[in-house]
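Residue numbers (the working numbering): 20 to 246.
Glycine included, C-beta positions come from ideal geometry on N, C-alpha and C.
Bear in mind the structure is a predicted one, so any value in this text is a computation, not a measurement.
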Amino acid sequence: MGKRDKDKKGTSWSGHLLNLGLLAVLLSVVFLPESPIRTRLAAWRAQARLSVLVEEHWQALAATSTRMDTVDASTAMIIEFGDYECPFCRDSHAHLEAVMESDQEVTIGYRHYPLTAIHPRAEDAARAAICAEAQGRFPQFHSLLFESSEWRETGDWKTLAKLVGVGDLVSYEDCLRGEAAGRRLEEDMRLGDALGVTATPTFFYQFGRHVGYANEEQLLELIERSR
């Protein structure tokens, strides 16, 4: 073998080694647990799965009669899964009201998802709101729960019902003790579980979700995405 052939062979082996080295670096970048590329791919896959999940459940999600507003029709809808003792839900509520005041075409639905392990009054508050809804006073009762805090100590749902204009207080108290409110609450919880809800508030729009506190700007962005 001549010197030139040896040089070519050496160059060829060097090239192979360089390619293998580059491949090893690339694989390590892609497959290391904290790799930015792997993290981005995982996030993309999660978003794709979420989009399919929301689309699959959207009809059931958007069919809720529990509305924070009193608009009959709309061009956009977002749904909040919330908990009446959740501080982030409370903070978001003022922004939701501002959005509803600024955009008369938006409707915002509500699903109950009380985190009973950390919020002992949340389930009872949800049942009380469901019973107020049965008499057409959900938006008013819903707002009062977020704008007041005495009920956390007293659990005096009848007084709250009076304040928001619930007309038939006897039926209201029967509802609180009955099974229908519990079934309605379970329906919301099951839907939340199917959609992967683990924290409140979680806002869904037709093409995705936003988890956690949302200010007015973020809520308007969700509405624009859903139009």
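Going by DSSP, name the residue or residues bridged to residue 222. According to DSSP, which records beta bridges pairwise, residue 222 is partnered with 99, 229.
Residues bridged to residue 128 [DSSP beta-bridge criterion]: Checking the DSSP bridge columns, you'll see residue 128 partnered with 86, 98.
For residue 104, count neighbouring C-beta atoms within 10 Å of its own C-beta (all shown protein chains included) and say buried if the count is 16 or more, exposed if not. buried
Contact check, residue 114 vs residue 233 under 8 Å by CB: the rounded distance? 6 Å
With a CB to CB cut of under 6 Å and the five nearest residues on each side skipped, what residues in its chain are close to residue 171? 140
Could you check where the alpha helix (DSSP H) with residue 192 kicks off and where it finishes? Taken as a continuous stretch (DSSP letters only), the alpha helix (DSSP H) holding residue 192 covers 188 to 196.
If we count the other Cβ atoms within 10 Å of its Cβ and call it buried at 16 or more, is residue 189 buried or exposed? Exposed.
What is the DSSP secondary structure of residue 138, counted as helix, strand or coil? coil
Suppose you measure from the CA of residue 230 to the CA of residue 147; what does that come to, to the nearest Å? 25 Å
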